[in-house]
Amino acid sequence: MLHRRLLTTICRMTEEAKRLAGCAAVDNHVKNNQVLGIGSGSTIVHAVNRLAERVKNENLHVFCVPTSFQARQLILQNGLTLTDLERHPELDVAIDGADEVDSELNLIKGGGGCLAQEKIVAGCAKSFIVIADYRKDSKNFGDQWKKGIPIEVFPMAYVPVTKTIQQRFGGVAELRMAVSKAGPVVTDNGNFLLDWKFGKVHDWAAVNTAIKMIPGVVDTGLFINMAERVYFGMEDGTVSIR
Ligand code: 5RP
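Going by this note's numbering, the first residue of the sequence shown is number 700, and it counts up by one from there.
Put into structure tokens, the structure is as follows:
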């Protein structure tokens, strides 16, 4: 009973931290007539809610590029204007969550499996702004979470890619399975995901490039040198900006 109450309190605190980060990022970075990238996950939901509120209250006109099916639904459900990279290949700001943020603002993303489209959209934005709760703050990757680095692969290549990663970089790369265990998770792009438990600290920029060169790899969840600013919602109700 006590355990359940504690868990509920922690969940509420975490959700509030996500909301604070999302609101602060939207308030500080979104302006009228901008083209925005909308990330995926649970934290971005708060940012989109705040965006919809501002669009309505301040009569803003913004165009939103989604990074996933979920983001597309969020944009539509909130009555925001949907666009794409064909119509708007240059974005003003992209806002997205992260699974880990290191001390140099490098990120691990892809917990929700949307890393490839998230990286494309972030790469098209003048500013890439990250929102996260306090649990995502790692000095070094793996400090806080041991979920590993997601890697999107073409289905036919998942076994050779798994072997190559393990042989060259160590650790263990696991095919991400659906919760039901009935089959692998399939991304919005029709691909599979490997979660690479990397074991030791690497030169992440070099590893990212090397993994991307393996035939069959679509992209990795390593976002190196891409984030301009990170908003962390904290346990005490404040927002820490890095
Ligand atoms: C999805 C992502 C998400 O942005 C990341 O997993 C963070 O999610 P959440 O906001 O739910 O913690 O990269 O591919």
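Built from N, CA and C at the ideal position, the CB exists for glycine as well. All values reported here derive from a predicted model rather than from experimental measurement.
Would you kindly report the start and end of the unbroken beta strand (DSSP E) that includes residue i?
i, result
"K755", "Unbroken run through K755 is the alpha helix (DSSP H), 742-757; no beta strand (DSSP E)."
"E851", "848-852"
"P914", "Neither: P914 is in no beta strand (DSSP E) and is coded neither H nor E."
"K896", "891-896"
"I940", "938-940"
"E873", "871-874"
How would you call residue i, buried or exposed, if buried means at least 16 neighbouring beta carbons within 10 angstroms?
i, result
"Q772", "exposed"
"S739", "buried"
"M912", "exposed"
"N890", "buried"
"C722", "buried"
"R718", "buried"
"M925", "buried"
"I940", "exposed"
"E799", "buried"
"A905", "exposed"
"P765", "buried"
"F768", "exposed"
"S802", "exposed"
"N907", "buried"
"A836", "Contrary to the premise, residue 836 reads as Asp rather than Ala in this sequence. With 16 or more other Cβ atoms within 10 Å, it is buried."
"K657", "With the chain represented from 700 up to 941, any question about residue 657 goes unanswered, as that position is not in the structure."
"D842", "exposed"
"N732", "exposed"
"V858", "exposed"
"H702", "exposed"
"R749", "buried"
"N727", "exposed"
"D902", "exposed"
"T937", "exposed"
Pull the bridge partners of residue i from the DSSP assignment, please.
i, result
"I709", "The partner list for I709 (beta bridge, DSSP) is empty, contrary to what the question assumes."
"D795", "V829"
"D918", "E851"
"V800", "L806, D836"
"C763", "L735, L781"
"S879", "Answer is none; S879 lacks a bridge partner."
"V885", "The partner list for V885 (beta bridge, DSSP) is empty, contrary to what the question assumes."
"L790", "A824"
By the DSSP assignment, the alpha helix (DSSP H) with residue i in it spans what residues?
i, result
"G932", "Looking at the DSSP string, G932 is not in any alpha helix (DSSP H); the run it does join, the beta strand (DSSP E), is 928-932."
"V734", "No alpha helix (DSSP H) contains V734, which is instead part of the beta strand (DSSP E) from 734-737."
"A856", "Looking at the DSSP string, A856 is not in any alpha helix (DSSP H), and its letter there is neither H nor E."
"V820", "814-822"
"Q769", "768-776"
Is the beta carbon of residue i within less than 7 Å of some heavy atom of the ligand GDP?
i, result
"L804", "As far as ligands go, the structure on display features the ligand 5RP and does not contain the ligand GDP."
For residue i, would you say it is in contact with chain D, using Cβ-to-Cβ distances shorter than 8 Å as the test?
i, result
"V916", "Structure shown: chain D not included; a single protein chain is present."
Check your reading: residues with Cβ closer than 5 Å to the ligand 5RP heavy atoms | Answer in sequence order: S739, G740, S741, T742, G796, D798, K808, G809, G810, G811, C813.
Give a yes or no on contact between the stretch 862-881 and the stretch 770-778, applying the rule of three or more CB pairs nearer than 8 Å.
-> Contact fails: fewer than three Cβ-Cβ distances are below 8 Å.
Pairing CB atoms from the stretch 841-856 with CB atoms from the stretch 891-908, are three or more of them under 8 Å?
-> They touch, by the three-pair rule.
Between the stretch 919-928 and the stretch 811-829, do at least 3 Cβ pairs fall closer than 8 Å?
-> Counting C-beta pairs with one atom in each stretch, the stretch 919-928 and the stretch 811-829 have three or more that are closer than 8 Å, which means they touch.
Stretch-stretch touch, CB-based, cutoff 8 Å, three pairs: the stretch 700-712 with the stretch 745-758 | The way I'd put it, the stretch 700-712 doesn't touch the stretch 745-758; fewer than three beta-carbon pairs between them come closer than 8 Å.
Could you say if the stretch 821-834 and the stretch 859-867 meet the contact criterion of at least three C-beta pairs nearer than 8 Å?
-> Counting C-beta pairs with one atom in each stretch, the stretch 821-834 and the stretch 859-867 have fewer than three that are closer than 8 Å, which means they do not touch.
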